[in-house]
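Read through the structure below, which is laid out as structure tokens, and then see the notes.
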Amino acid sequence: MGWKAVLLHCIQFDNPLIHLKYSRAEILLTGNPDMTATVELTIAIVITETHYEQEMLSHFRELGIKGFTCMNCRGQGHHQVYDEPFIDHSQTRIEIITTDEIAESIVDYCRQPRFESHAITAYLETVRVRDPERFIA
Numbered sequence: 020m021g022w023k024a025v026l027l028h029c030i031q032f033d034n035p036l037i038h039l040k041y042s043r044a045e046i047l048l049t050g051n052p053d054m055t056a057t058v059e060l061t062i063a064i065v066i067t068e069t070h071y072e073q074e075m076l077s078h079f080r081e082l083g084i085k086g087f088t089c090m091n092c093r094g095q096g097h098h099q100v101y102d103e104p105f106i107d108h109s110q111t112r113i114e115i116i117t118t119d120e121i122a123e124s125i126v127d128y129c130r131q132p133r134f135e136s137h138a139i140t141a142y143l144e145t146v147r148v149r150d151p152e153r154f155i156a
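For the sequence shown, my numbering assigns the number 20 to the initial residue and increments by one for each residue that follows.
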């Protein structure tokens with residue numbers, strides 16, 4: 020067993036006497052828990068009716084996003100969600116890691132009056148990434 024595995028088995032990470040602030044994954048993957056290698060970006064999360072997905076992604080590309088992740092989802096909130104008769108899901112979750120400016124523009128786009136009566140929500144979270152050039156142009 021290598022030193023990394025021994026370290027993971029021997030240290031209690033939440034022990035206040037040890038004062039470790041690095042996750043097991045950071046130590047395991049890098050061998051060096053150096054948080055200075057990360058950059059803070061914003062993730063915009065949009066949950067939309069599936070039929071708006073392509074329109075929104077097209078607009079988000081115009082705003083300057085570099086990439087995105089989409090996944091099928093379902094749920095219930097302020098608006099009642101109806102299942103689409105010809106597809107197995109009615110909502111899509113879009114996640115985009117980007118700059119604060121672009122993320123704010125994404126939320127602004129989703130809050131326009133024409134979407135008020137639809138099951139669409141958008142919110143922002145802060146994330147830390149190692150290779151920011153993978154996420155921003």
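Positions of the beta carbon are idealized from the N, C-alpha and C atoms, including for glycine.
Strand pairing of residue i, partner residues [DSSP]
i, result
"Ile66", "Arg112, Thr140"
"Glu81", "Bridge partners of Glu81: none, in fact."
"Glu59", "Arg147"
"Thr117", "Thr61"
Among the options, the one whose alpha carbon lies nearest that of residue i
i, options, result
"Val148", "Ser109, Gln110, Ile116, His70", "Ile116"
"Ala63", "Gly96, Ala156, Val146", "Val146"
"Glu74", "Glu144, Leu60, Thr118, Tyr128", "Tyr128"
"Met90", "Phe154, Gly96, Gln110", "Gln110"
"Arg93", "Arg130, Val58, Arg112, Lys85", "Arg112"
"His70", "Asp150, Phe134, Glu59", "Phe134"
"Glu144", "Ser77, Glu123, Glu152", "Glu123"
Contact set for residue i: own chain, Cβ-Cβ below 6 angstroms, skip 5 residues either direction
i, result
"Ser136", "none"
Coil, strand or helix - residue i by DSSP
i, result
"Arg130", "coil"
"Glu45", "Any reading at Glu45 must be qualified, since the residue scores a pLDDT of 46, below 50, and its modelled position is unreliable; no value is offered."
"Ala156", "coil"
"Gln95", "coil"
"Glu135", "coil"
7 angstroms CB neighbourhood of residue i in its chain, flanking five on each side removed
i, result
"Gly83", "Ile121, Ala156"
"Ile125", "Ala63, Val65, Phe79, Leu82, Ile115, Ala141"
"Asp119", "Thr61"
"Thr57", "Arg147, Val148, Arg149"
Start-to-end residues for the beta strand (DSSP E) that takes in residue i
i, result
"Thr88", "88-92"
Beta-carbon proximity list for residue i, same chain, < 8 angstroms, skipping 5 on both sides
i, result
"Phe154", "Leu60, Lys85, Gly86, Ile116, Thr117, Val148"
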